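Chains as they are written, first to last, in my numbering: chain A, 1 to 304; chain B, 1 to 257.
We put the beta carbon where it would ideally sit given N, CA and C, even for glycine.
For clarity, every value in this text was computed on a predicted model and none was experimentally measured.
To start, the structure under review is shown below, and the notes come after it.
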């Protein structure tokens, strides 16, 4: 098995004494779509910072495609493309120059860089803005510019630190599509996000980090299987009679009586709910999950 | 990185630095041109005529090399200190840190960016001075060598300043409180022969004096000090500042947590 990223016993203690990472182990397979989740201050950005050389590790081992960052960091860095959480380009440079200059830092010739810049700026709908100063871009455009910049050296691994934070829904969806396509083409994606829906929909594997420790590291499917309770919201075609209840299920009814929330424990059949409603001639118009399933698990794991 | 890739990275940094200071030319190239023209007009023409000769030359001719050098020193230093600190401030330095560009290339790239601005301003001031006086060129090789080495030295100094700086105030403290006094007291406007013995000895501790005099020697053929000492001193400073700057970069001082 080739691992894109292998981290073992990674520790980070900041100058003030704060222990951000307490010896984490993590493996990300080549071609994976991997989510690193955790609350604020859990150690996500520190881990990513160490991977891309913005944070000095205290101890531990990190290798990227079998290249140890302690022995050949320059080679290891070539495998990585990084889209940070904060905008970190020169705001007075034009969009085109931001991307082409970054290519230069990777030793890519100007001619190749210009070709690639055109390709990625077009793919990310920024080509029309190529001559604009980057400070003039909207928040979503700036985010896409950082993706184009991270891809300019065509890295094997793309790390996205909260890429869709503050991005509107439409743009978020189009970014998801773009990143999914990259992953299908073979790029390993590592994503940190607060939007758990994002992780559930996009990622195959997941690690949850809390207080500098990995508390869960498995596939999204396996994680969701451990969920033993879900809440469904059912919209009904008419109001329930007063005093109606459903044995074996915890039910809460809306004020107008036409919407119910039902907690379904693993192993219970939801057919019983439909049968009970059918017996009083009430039809279910629509049904949905109350909250994101991963969110429920996340909260449970973090609370320990 | 292969050598060819290192060269591309190095060239990219220099091009970006030159693009930066030429894009903001009203802040970088115009002010020294105006300031030095005023120096030439007031100190050289108006007051200089009353001072008479110094070192066998008219006062205007005497101060021109010093003023050129003063422009080179100030601009080399401030180009690197402000550019690198701005990159730190807006986090765009991370573009370089995440890339495989070796630290010595980053340091060299920024330094030569500073040298480019220093020499550019030096050339502008030299051309302006020709409107006020005639300049002989005693030793072209020595003149070019001294001005280049001085620009390298002060660019490196600006880089170290930027590494330690935490605010824009920190970037201006050294030029205001150290560089400017050293330059004004470094024989730009006078020969140290005019000073009492004690102050002559004190002046010998000022590294700027050596650079100004070596440059003046290259142009006019007169100097208060041995020019070869100047070359040795500048070279030593360059080696020390380069090693120190590289060490700070390797440690990630001020740029990595």
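Neighbours of residue 12 of chain B in chain A, taken as residues whose beta carbon is under 7 Å from its own, are 101, 104 and 105 in chain order. Taking every protein chain shown into account, the CB of residue 107 of chain A has 16 or more other CB atoms within 10 angstroms, so this residue is buried. Contact annotation: residue 117 of chain B and residue 76 of chain B have beta-carbon atoms nearer than 8 Å. Residue 175 of chain B counts as buried, since no fewer than 16 other beta carbons sit within 10 angstroms of its beta carbon. Interface flag for residue 225 of chain B against chain A is unset, since no Cβ pair is found closer than 8 Å. Under the Cβ distance rule, residue 89 of chain A counts among the residues neighbouring chain B, one pair being separated by less than 8 Å. One thing to note: residue 8 of chain B has its Cβ within 8 Å of the Cβ of residue 109 of chain A. Measuring C-alpha to C-alpha distances from residue 241 of chain A to each of A:153, A:254 and A:90 identifies A:254 as the nearest. Per DSSP, residue 205 of chain A is one residue of the beta strand (DSSP E) stretching across 205 to 210. In the structure shown, residue 87 of chain A adopts coil according to DSSP, grouped into three states. For the options A:236, A:274 and A:126, the alpha carbon positioned closest to that of residue 94 of chain A is the one of A:126. Contact annotation: the stretch 161 to 173 of chain A does not touch the stretch 3 to 12 of chain A, with fewer than three C-beta pairs closer than 8 Å. Residues of the stretch 40 to 68 of chain A with a C-beta less than 9 Å from any C-beta of chain B: 46, 49, 52, 53, 54, 55 and 56, listed in chain order. Apart from the 5 residues on each side of it in sequence, residue 96 of chain B sits with its Cβ closer than 7 Å to the Cβ of 106 in its chain, given in chain order. Look at residue 2 of chain B here: in three-state DSSP terms it is coil, with no helix or strand label. In the structure shown, residue 285 of chain A adopts extended strand secondary structure according to DSSP, grouped into three states. C-alpha of residue 188 of chain B to C-alpha of residue 157 of chain A: approximately 56 Å in a straight line. In the DSSP assignment, residue 247 of chain B falls within the alpha helix (DSSP H) that extends over 227 to 251.
Per DSSP, the continuous alpha helix (DSSP H) segment holding residue 97 of chain A begins and ends at 95 to 105. For the pair residue 16 of chain B and residue 46 of chain A, the Cα-to-Cα distance works out to about 29 Å. An exposed status is given to residue 232 of chain B, since fewer than 16 other beta-carbon atoms sit within 10 Å of its beta-carbon. Inter-segment contact for the stretch 66 to 80 of chain A and the stretch 19 to 38 of chain A is absent: fewer than three beta-carbon pairs are separated by less than 8 Å. Proximity to residue 62 of chain B across B:78, B:50 and B:44 peaks at B:44, based on C-alpha coordinates. Looking from the CA of residue 118 of chain A, the closest CA among A:96, A:19, A:136 and A:103 belongs to A:96. Shown here, residue 9 of chain A sits in a strand according to DSSP, grouped into three states.
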